[in-house]
Amino acid sequence: MKSLKLPQRPPIALDKDGYLRNMSDWSPEVAELLAAEIPLNLSAAHWEVIDVLRAFYQAHGLSPATRPFVKLVARDLGAEKGRSIYLMKLFPGNPALIASKLAGLPRPSNCF
Amino acid sequence: MKLTVLVHAAPYSSQAAYSAYRFSASALAAGHEIYRLFFYYDGVHNSNSLSIQAQDEFDLIAAWRTLIDTHQLDAISCVSSALKRGILDAQEAARYEKSASNLAEEFTLSGLGQLVEASMMSDRVVSFGG
Amino acid sequence: MSSLHTINKSTAHCAMTSCMKALQSGDSILLIEDGVYASAQLSQYNIEGVSIYALREDLLARGLPTTQLPGAIQAVSYCDFVDLVCRHQRCVSWT
Amino acid sequence: MSIDNAKTITFISRSTPYGHGRAKACLDMVLSAAVFEQKINFIFMDDGVWQLKKGQTPSNIDAKDLSAAFAALPLYEVNDLYVEASAIEERGLSLDELVVPAQAIESAKIAELISLSDVVFTL
Chain A
1 MKSLKLPQRP PIALDKDGYL RNMSDWSPEV AELLAAEIPL NLSAAHWEVI DVLRAFYQAH
61 GLSPATRPFV KLVARDLGAE KGRSIYLMKL FPGNPALIAS KLAGLPRPSN CF
Chain B
1 MKLTVLVHAA PYSSQAAYSA YRFSASALAA GHEIYRLFFY YDGVHNSNSL SIQAQDEFDL
61 IAAWRTLIDT HQLDAISCVS SALKRGILDA QEAARYEKSA SNLAEEFTLS GLGQLVEASM
121 MSDRVVSFGG
Chain C
1 MSSLHTINKS TAHCAMTSCM KALQSGDSIL LIEDGVYASA QLSQYNIEGV SIYALREDLL
61 ARGLPTTQLP GAIQAVSYCD FVDLVCRHQR CVSWT
Chain D
1 MSIDNAKTIT FISRSTPYGH GRAKACLDMV LSAAVFEQKI NFIFMDDGVW QLKKGQTPSN
61 IDAKDLSAAF AALPLYEVND LYVEASAIEE RGLSLDELVV PAQAIESAKI AELISLSDVV
121 FTL
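Protein chains in written order, with my numbering: chain A, 1 to 112; chain B, 1 to 130; chain C, 1 to 95; chain D, 1 to 123.
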């Protein structure tokens with residue numbers, strides 16, 4: 001089983017795709033470690049997106065796939081940031097998948 | 001015509017899955033194409049290869065398997081419905097570190113997107129369930 | 001743009017009454033499974049411009065005669081079921 | 001994924017939110033169809049209107065709050081939410097007790113929405 005190791009904590013279980021098995025294991029440090037695995041250095045620009053995702057999940061219980069993810073960022077952080085190109089630069093590959101992983105959310109279903 | 005058949009009922013708990021089977025077989029016999037069979041919700045139980053039926057009762061799962069094999073149908077069990085109900089293929093069993101897999105080999109696990117895509121590509125969608 | 005509505009529950013459930021609300025002239029109803037028990041009640045509605053069918057196999061299985069169906073209800077085969085699906089633009093299943 | 005020949009898909013949700021899994025299964029179908037940028041109608045009939053009632057705290061039965069997802073539907077571009085007017089009335093509910101604004105429609109309008117759809121799913 002894959003896991004993350006933090007000092008003075010039991011290992012944190014991950015699934016095969018690197019998502020947290022238990023959402024309650026999430027903390028900012030855990031996010032940093034998950035990012036390091038990618039590898040990605042989390043900047044303030046990453047964090048504001050992660051915060052938006054976590055707030056959205058808190059409110060609605062959904063892990064948004066690509067299109068709603070982009071729209072969500074546009075709604076909460078402005079049109080400049082709610083664009084695929086911007087998010088692709090921050091989270092290269094599949095932004096909705098990567099950002100949800102770092103935010104400790106379940107894997108979005110039907111995410112292309 | 002191109003038909004997609006959606007099954008959201010388990011075999012034996014109700015007649016619905018059997019009706020879906022009879023409908024599908026009749027459609028094929030009439031020369032129609034089945035674009036996809038999609039098993040959703042409790043319907044994923046139709047793809048459980050470990051189900052055992054009394055000898056004197058109709059084996060619906062075996063019938064599905066033969067139909068799918070004979071006509072080379074695209075038969076998909078919804079992956080999230082299946083995992084919840086303990087229907088796993090070898091890959092998912094490995095992913096979740098489970099000791100066995102039981103998805104009948106004629107079926108594939110995939111997402112709900114496959115149902116939406118099938119709805120877009122088919123002339124008609126017929127649902128059986130409840 | 002007509003629809004085929006299938007009903008697979010007896011009148012103890014709201015499948016039939018819900019289906020009634022969603023009908024348009026030119027639509028058809030096909031009673032299948034336990035829906036065939038609703039034949040008598042359904043025939044009383046006499047819905048303008050809506051044809052009603054019941055699946056023969058399901059009628060016979062339940063001891064309901066296919067020859068003396070109430071009203072203008074017609075017994076049909078699985079093969080006819082397939083034809084009905086093709087003859088209507090969409091299929092709605094009421095469960 | 002954008003596909004040119006978008007279809008109109010109507011979902012009719014007729015089940016209570018927690019008594020069994022159909023309501024959640026229907027919502028999951030809606031969210032998936034939205035990803036494919038289809039034109040979606042989401043109709044709540046019969047007991048389905050209970051899904052929209054305000055004040056649900058399903059944490060009491062260790063269930064996820066289904067009603068919380070409805071407010072997020074505009075982000076999925078699912079904007080056409082309808083409730084069957086008579087179902088609301090028969091259950092002693094009123095429109096201001098719903099978690100999201102939904103259009104109350106008569107049965108003739110339900111029939112019309114169906115007649116304008118390419119595919120109809122009921123769950």
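The beta carbon of each residue, even a glycine, is placed where N, CA and C say it ideally should be.
Bridge partner(s) assigned by DSSP for residue i
i        : result
B:Trp64  : B:Trp64 is not bridged to any residue.
D:Lys53  : D:Leu98
D:Val83  : D:Phe44, D:Ala104
D:Val119 : D:Ile9
C:Arg90  : C:Ser3
C:Tyr53  : C:Leu30, C:Gln74
B:Ala75  : B:Leu37
B:Asn48  : B:Leu103
Inter-residue spacing [alpha-carbon to alpha-carbon] between residue i and residue j
i        : j        : result
A:Pro28  : A:Arg9   : 14 Å
D:Leu81  : D:Gln103 : 6 Å
A:Ile38  : A:Ala44  : 17 Å
B:Leu6   : A:Leu62  : 25 Å
C:Thr67  : C:Ala54  : 12 Å
D:Leu116 : C:Ile7   : 21 Å
B:Gln53  : B:Gln15  : 15 Å
B:Ser47  : D:Gly21  : 19 Å
C:Ala40  : A:Pro68  : 49 Å
B:Gly86  : A:Gly78  : 43 Å
D:Asn60  : B:Leu50  : 35 Å
B:Val44  : B:Leu37  : 11 Å
Inter-residue CB distance, residue i and residue j (contact presumed, cutoff 8 Å)
i       : j        : result
D:Lys64 : D:Val99  : The Cβ separation is near 14 Å, so there is no contact.
B:His8  : D:Leu123 : 7 Å
D:Phe36 : B:Met121 : Contact doesn't hold; Cβ gap of about 11 Å is too wide.
A:Leu6  : A:Leu102 : Contact doesn't hold; Cβ gap of about 16 Å is too wide.
Contact under 7 Å by Cβ, residue i with residue j
i        : j        : result
B:Tyr35  : B:Ala104 : no
B:Tyr21  : B:Ala63  : yes
A:Ala99  : A:Ala65  : no
B:Met1   : C:Cys14  : no
B:Gly111 : B:Val79  : yes
A:Ser24  : A:Pro11  : no
C:Leu59  : C:Ala75  : yes
B:Ala30  : B:Leu3   : no
A:Leu20  : A:Gly93  : no
C:Ile52  : B:Ser19  : no
D:Phe11  : D:Phe121 : yes
D:Val49  : D:Val78  : no
Beta-carbon neighbours of residue i, restricted to chain C and to distances below 7 Å
i        : result
D:Ile110 : Lys21, Ala22
B:Val126 : Val85, Cys91
D:Asp46  : Cys14, Ser18
Proximal chain B residues relative to residue i, where beta-carbon distance stays under 8 Å
i        : result
D:Leu123 : His8, Tyr41, Gly129
C:Thr95  : Ala16, Gly129, Gly130
A:Ser109 : Ser80, Gly111, Leu112
Contact set between residue i and chain D, taken where Cβ atoms lie within less than 7 Å
i        : result
B:Ser19  : Those do not exist, as B:Ser19 stays about 15 Å from chain D at its closest Cβ, beyond 7 Å.
B:Ser119 : Lys7, Ile9, Val119
A:Pro68  : Leu75, Tyr76
Beta-carbon neighbours of residue i, restricted to chain C and to distances below 8 Å
i        : result
B:Val116 : Within chain C, no residue comes near B:Val116; the closest Cβ sits about 15 Å away, beyond 8 Å.
Chain D contact residues for residue i, given Cβ-Cβ distances below 8 Å
i      : result
C:Met1 : Ser115, Leu116
Chain-ordered chain A contacts of residue i [CB-CB under 9 Å]
i       : result
B:Arg95 : Asp15, Lys16, Asp17
Short CB-CB distance (under 7 Å) between residue i and chain F
i        : result
A:Ala103 : The structure shown contains no chain F; the protein chains it does contain are A, B, C and D.
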